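Trainee: Below is a structure I'd like to ask you about.
Residue numbers (my numbering), protein chains in the order written: chain H, 83 to 335; chain E, 438 to 901.
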């Protein structure tokens, strides 16, 4: 299974390298949000009790999560394209491991998302955000990004298999990203949230991921907060991956 | 090599795809599953390649049970799907490499095998080009090469030449036959091209509504049909009855039909009967002006066994993605309609069609007279087409890339053509009481008008 995953993963990487702009296209949204929200909510930071000096400082972990969501929530669309192109059938008719087919795709999306997140981080730095730029902490933050990327790519791939069509899949992708993001502290600190939204945040994996990243990139890193975020994201990605693989294995008309 | 006993498959949507199908493919033979779209060809292949599940039945491929020994089946088969299974953004070599890896071959083995296959299919010089730059024919060759990388015992080809132009199709046929001749590879292919089944296969299995109607050598199949048609044209056919009676005395003449000054004779063997018929005529003192004879085509065979022409029939055995959504969440009267349409799929309907087809065959013979006029009309039209096409070519040159007008134009012409023939037919069929069966005429005429443009006449044809 692992060797199959490796060969297939290589294939996707090769394809991405041949059209880098294509893989970077989903960066447009997070970059625009970074710019718009950074300006729009600039004066939020002056509110009493705001946890950061400037809004953009607060927003960096949020925009990193956004990058993950926009980058991997539509990963299933290309699976559908591959199915209709016939390459999936060809793999399925071969002895290649079925898990490897999903795993390689999901890993590819996740790695792609990590690279995008690094680019967003550079953009944030250029816009003057002052978060921790310690490479070790960034690496740790990226581990959460990777896991979250795996989770959402797996969700999208699994949904693609179940829905079989692009249109409902894109709707589901939107549904996964937008509300979940607003139900977390990605953009607005907990204190400023209505109680009920805060309550929903407790079962929202994105909330844990964003808190985890915020903890590790803070001026004084909070390792407990990070561990919590990492743990929850890990469980979340393992569960979604398992679900996606079993959906794919059951895919037989 | 392949042994299927009473295979049944129904899709989740309720569409019956394969109905009690039994079939045996011998080692080293090419067997063609011939049938219209949705007849169950692809469904059968998908079951055999372990891509689809099935309801019940006993199936072995290369000696392995497709249910309990899937891995072994997969190792011993090669599969070329209707869609190109090669990756567009990899080079030919990378595609082959990946496929070799997925079959767990050693790298050295893959490399030498790639050389072998590249030489075989004459794609060595494009091996390091991206597949997206390949022509359709080349892509198909690469596709077959990837399916052969692990030296399978059985090769499945699902509509191997669908969408290819005539030269590429013929060249592909050569490769497929060569594979069978030289490597003794067992090949099961599906097609809805009669010519393909005829030229390529040792045996043809005609499949209709998920059932196999007949399996036979294509020539034998054609022999079973009323035999050959010999047409004699007479200079002055004063006494048609006398000529007909005189010639009917030969016991090889099965049937005969006059069409103006032409006598069509259905005989068991055209080649040997022509000299005897001419002798008879001169004995009776009638001068034969012109002789022609034609062999029946597989389409005649197809009509015989399924009750409809292959172009006219559309099966229902497909897995349609919209079935999942149809009528869900309301949809009013359409919700009911979806269900009704599914109920219509019941096999009883086939018998109806058969009866009708007997009449239809009768009609078809009558139509020979009418087709004469048709032809002239068609020729007129054709001239007009050529002008049109010249104009079109000019308009086309500056933007050779866009294919849209290329398709739009023939569609329009076809429509006009269909209208013309419709009128013609109405005036013609007034004396015969039964109206022309709807299914056949439109297609047939359209096909004629585009006879020289072979590829255009097929409807898009994909099984999707």
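Just so it is clear, CB atoms sit at the ideal spot from N, CA and C, and this is done for glycine as well. Owing to the predicted nature of the structure, the values given are computational and were not obtained by experimental measurement.
Between the beta-carbon of residue 150 of chain H and the beta-carbon of residue 234 of chain H, is there less than 8 Å?
Mentor: Yes. Within cutoff.
Trainee: Let me know the secondary structure DSSP gives residue 454 of chain E once reduced to three states.
Mentor: Strand, per DSSP.
Trainee: Are the CB atoms of residue 614 of chain E and residue 637 of chain E nearer to each other than 8 Å?
Mentor: Closer than 8 Å, so yes.
Trainee: Within 8 Å of any Cβ in chain H, is that where the Cβ of residue 635 of chain E sits?
Mentor: No - not a single Cβ of chain H is within 8 Å of the one on residue 635 of chain E.
Trainee: Enumerate in chain order the residues of its own chain whose CB-to-CB distance from residue 182 of chain H is below 7 Å, with the five nearest sequence positions on each side excluded.
Mentor: Within the same chain, residue 182 of chain H has close Cβ partners 83, 86, 87, 90.
Trainee: Is the stretch 519-535 of chain E in contact with the stretch 193-206 of chain H, if contact means three or more CB pairs nearer than 8 Å?
Mentor: Cβ pair count under 8 Å is below three, so no.
Trainee: So within the stretch 556-598 of chain E, which uninterrupted beta strand (DSSP E) runs reach at least 3 residues, ignoring any that extend past its ends?
Mentor: As far as the stretch 556-598 of chain E is concerned, its whole beta strand (DSSP E) runs of at least 3 residues are 591-595.
Trainee: Three or more beta-carbon pairs under 8 Å between the stretch 464-478 of chain E and the stretch 625-643 of chain E, yes or no?
Mentor: The stretch 464-478 of chain E vs the stretch 625-643 of chain E: in contact.
Trainee: Given that residue 488 of chain E touches chain H, what residues does it touch there, using C-beta distances under 9 Å?
Mentor: Under the 9 Å cutoff, chain H gives 171, 174, 175, 334, 335.
Trainee: Say whether chain H places a C-beta atom closer than 8 Å to the C-beta of residue 645 of chain E.
Mentor: It does not: the Cβ of residue 645 of chain E has no partner Cβ on chain H nearer than 8 Å.
Trainee: Do you know how far the Cα of residue 250 of chain H is from the Cα of residue 766 of chain E?
Mentor: Going from the Cα of residue 766 of chain E to the Cα of residue 250 of chain H covers about 15 Å.
Trainee: Using only the alpha-carbon positions, how far apart do residue 503 of chain E and residue 158 of chain H sit?
Mentor: Answer to the nearest angstrom: the Cα atoms are 29 Å apart.
Trainee: For residue 175 of chain H and residue 236 of chain H, which I take to be in contact (beta-carbon distance under 8 Å), what is that distance rounded to the nearest angstrom?
Mentor: Actually they are not in contact, since the Cβ atoms of residue 175 of chain H and residue 236 of chain H sit about 24 Å apart, beyond 8 Å.
Trainee: In terms of residues, what are the limits of the alpha helix (DSSP H) holding residue 730 of chain E?
Mentor: Careful: residue 730 of chain E lies outside any alpha helix (DSSP H), inside the beta strand (DSSP E) at 725-731.
Trainee: Residue range of the beta strand (DSSP E) that residue 668 of chain E falls in?
Mentor: 665-671 is the span of the beta strand (DSSP E), which, as asked, contains residue 668 of chain E.
Trainee: To be precise: take each residue of the stretch 151-170 of chain H, compare its Cβ to all Cβ atoms of chain E, and keep it if any distance is under 8 Å. Which residues remain?
Mentor: Answer set for the stretch 151-170 of chain H: 166, 167, 168, 169.
Trainee: Report yes or no: is there a C-beta of chain H within less than 8 Å of the C-beta of residue 511 of chain E?
Mentor: It does; some Cβ of chain H falls within 8 Å.
Trainee: Tell me which residue opens and which closes the beta strand (DSSP E) that residue 645 of chain E is part of.
Mentor: Per DSSP, residue 645 of chain E belongs to the beta strand (DSSP E) from 640-645.
Trainee: On the premise that residue 287 of chain H lies in contact with residue 259 of chain H, defined as a C-beta separation below 8 Å, what is that separation, rounded to the nearest angstrom?
Mentor: In fact, because the Cβ distance is near 13 Å, the residues do not count as touching under 8 Å.
Trainee: Starting from residue 559 of chain E, find everything on chain H with Cβ-Cβ shorter than 9 Å and list it in chain order.
Mentor: By Cβ distance, chain H contributes nothing, its closest Cβ being about 22 Å from residue 559 of chain E, past 9 Å.
Trainee: Output, in chain order, the set of chain E residues within a Cβ distance shorter than 7 Å of residue 331 of chain H.
Mentor: The contacting residues do not exist; residue 331 of chain H stays about 12 Å from chain E at best.
Trainee: Could you check what DSSP says for residue 481 of chain E in three-state terms: helix, strand or coil?
Mentor: Here residue 481 of chain E sits in helix by DSSP.
Trainee: Taking 8 Å as the threshold (beta carbon to beta carbon), is residue 541 of chain E in contact with chain H?
Mentor: Yes, because at least one Cβ of chain H sits closer than 8 Å to the Cβ of residue 541 of chain E.
Trainee: Use the C-beta contact count for residue 140 of chain H: other C-beta atoms within 10 angstroms, 16 or more gives buried, fewer gives exposed.
Mentor: So residue 140 of chain H ends up on the buried side.
Trainee: Do you know how far the Cα of residue 629 of chain E is from the Cα of residue 647 of chain E?
Mentor: Distance between the alpha carbons of residue 647 of chain E and residue 629 of chain E: 14 Å.
Trainee: Which same chain residues end up closer than 7 Å to residue 331 of chain H when comparing Cβ atoms and leaving out the 5 residues on each side of it in sequence?
Mentor: So the list reads 180, once near-sequence residues are dropped.
Trainee: Three-state secondary structure (DSSP) at residue 278 of chain H?
Mentor: In the structure shown, residue 278 of chain H sits in a helix (DSSP, three-state: H, G or I).
Trainee: What's the C-alpha gap between residue 109 of chain H and residue 156 of chain H?
Mentor: Their backbone Cα atoms lie some 13 Å apart in a straight line.
Trainee: Per DSSP, which residues does residue 493 of chain E bridge with? Please list them.
Mentor: Residue 493 of chain E pairs with E:445.
Trainee: Can you name, in chain order, every residue of its own chain whose Cβ lies under 8 Å from the Cβ of residue 567 of chain E, other than the five neighbours on each side?
Mentor: If we look at residue 567 of chain E and ignore the five residues flanking it on each side, its Cβ neighbours are 525, 526, 527, 528.
Trainee: With a Cβ-Cβ cutoff of 8 Å, do residue 282 of chain H and residue 206 of chain H count as a contact?
Mentor: No, these two residues do not count as a Cβ contact at 8 Å.
Trainee: Does DSSP classify residue 293 of chain H as helix, strand or coil?
Mentor: Here residue 293 of chain H sits in helix by DSSP.
Trainee: When the Cα of residue 694 of chain E is compared with those of E:669, E:538, E:464, which residue comes out closest?
Mentor: Closest option to residue 694 of chain E, Cα to Cα, is E:669.
Trainee: Using a beta-carbon distance cut-off of less than 8 Å, what residues from the stretch 521-540 of chain E approach chain H?
Mentor: From the stretch 521-540 of chain E, only 521, 522, 523, 524, 525, 526, 527, 531, 535, 536, 538, 539, 540 have a Cβ closer than 8 Å to chain H.
Trainee: Determine whether the Cβ of residue 516 of chain E lies closer than 8 Å to any Cβ atom of chain H.
Mentor: By this cut-off, residue 516 of chain E is an interface position.
Trainee: With DSSP as the reference, identify every bridge partner of residue 502 of chain E, one or two as the case may be.
Mentor: According to DSSP, residue 502 of chain E bridges with E:497.
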